[in-house]
Amino acid sequence: MPFPPESPCLNIAIARLNIPEANHFAIWVMQAPFQRGYVHHDQIWPENLSQAWKAWLEVFSPQSLPAIPIGTPQPALASTPNIHPAPASNVKINRTSRLMQNLGISLWQWLFQGEIAQSLHQSQGIAIGQELPLQVRLDIRAPELIALPWEIMQPGISLPAFSLSREILFSRTTSDVHSLPPLPPSPYLNILLVMGENAPQGQSSSAKDHQFSTLSKLELEEEAARLTEVLKPREITNQNLHRVNSVVPCRVDTLIQPTPEELISHLDKKIYNVLFMLVMVNQAQMAVGYF
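Position 63 of the sequence shown, counting from 1, maps to 81 under our numbering, and the rest follow consecutively.
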């Protein structure tokens with residue numbers, strides 16, 4: 019069965035600019051399904067968007083106050099034209115829905131401006147032509163913008179959220195994470211050798227089966243000893259250069275027919291560079307795998 023084709027991807031990153039003026043952010047396309055889609059746009063975070071975010075927090079997450087301590091007085095952003103305008107309706111919107119809609123539209127208008135909006139529209143056209151959903155990935159590199167609910171972005175009044183569209187696969191990431199602690203260097207190559215037996219299930223136990231099981235375990239132990247000897251480092255003398263080539267020393271730990279819990283516990287206690295898995299199918303066959 020052939021694998022399904024990969025959907026086209028539009029990857030957009032947001033980061034604060036390192037300039038004296040406050041609240042300036044860089045928005046650029048890091049991946050696009052067409053060559054001219056790699057565009058860049060600088061944007062100022064407006065005060066009215068901070069106010070919309072604060073009002074949203076007061077209703078939906080009051081414990082998260084205070085809101086983002088940024089915002090520059092700025093004229094209202096020009097509204098993005100709706101490709102599919104919503105029909106007129108006399109239904110009144112309650113306050114929570116209005117706050118949700120206001121913040122969603124404001125986030126959309128702030129993010130998709132100028133060339134960024136053009137790159138999105140052309141990427142959507144390419145995805146539609148391929149009859150595939152468009153992957154939109156938002157990489158938030160400004161810590162103060164991580165908490166914003168970018169998933170509720172919507173292009174216009176009474177239009178669904180961008181992330182809920184069937185033609186869009188929306189996701190977001192952040193690079194503002196703590197790095198893993200560095201592992202102490204080890205002078206050894208740590209190898210875990212796991213050996214087991216593919217015991218058939220559903221068969222009744224008998225003395226003969228017990229004898230075969232005991233014999234198999236002894237054979238596994240003998241095989242493990244042979245493999246451990248093979249894996250031990252040896253100094254190799256180069257006869258042409260008359261010198262000894264140094265080999266990284268290795269340590270081999272062996273587990274014979276461990277339970278899943280024993281294997282997990284062993285892996286949690288020690289860091290291994292190589293994991294050998296050997297399963298004896300029968301007395302003549304053995305399945306081998308390494309990681």
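Ideal Cβ positions, reconstructed from N, Cα and C, are used throughout, including at glycine. Computed from a predicted structure; not experimentally measured.
Between residue i and residue j, what straight-line distance do the alpha-carbon atoms span, to the nearest angstrom?
i	j	result
residue 182	residue 213	48 Å
residue 134	residue 75	28 Å
residue 119	residue 175	7 Å
residue 168	residue 244	58 Å
residue 188	residue 170	11 Å
residue 240	residue 161	57 Å
residue 124	residue 62	13 Å
Which of the three DSSP states is assigned to residue i in this structure?
i	result
residue 189	strand
residue 46	strand
residue 100	Reliability of the predicted coordinates at residue 100 is poor, the pLDDT of 40 falling under 50, and no value is obtained from them.
residue 164	coil
residue 78	helix
residue 270	strand
residue 207	strand
residue 152	strand
residue 72	helix
residue 244	helix
residue 37	coil
residue 135	helix
Taking the beta carbon of residue i as the centre, do at least 16 other beta carbons fall within 10 Å, making it buried, or is it exposed?
i	result
residue 172	buried
residue 148	exposed
residue 220	Low confidence applies here, because residue 220 scores a pLDDT of 46, under 50, leaving its location unreliable and the question unanswered by this model.
residue 154	buried
residue 158	buried
residue 58	exposed
Which residues share a DSSP beta bridge with residue i?
i	result
residue 157	31 and 191
residue 62	42
Please look up how many angstroms separate the CB atoms of residue i and residue j, rounded, as I've assumed it's under 8 Å.
i	j	result
residue 290	residue 238	19 Å between Cβ atoms; not a contact.
residue 51	residue 144	5 Å
residue 235	residue 274	7 Å
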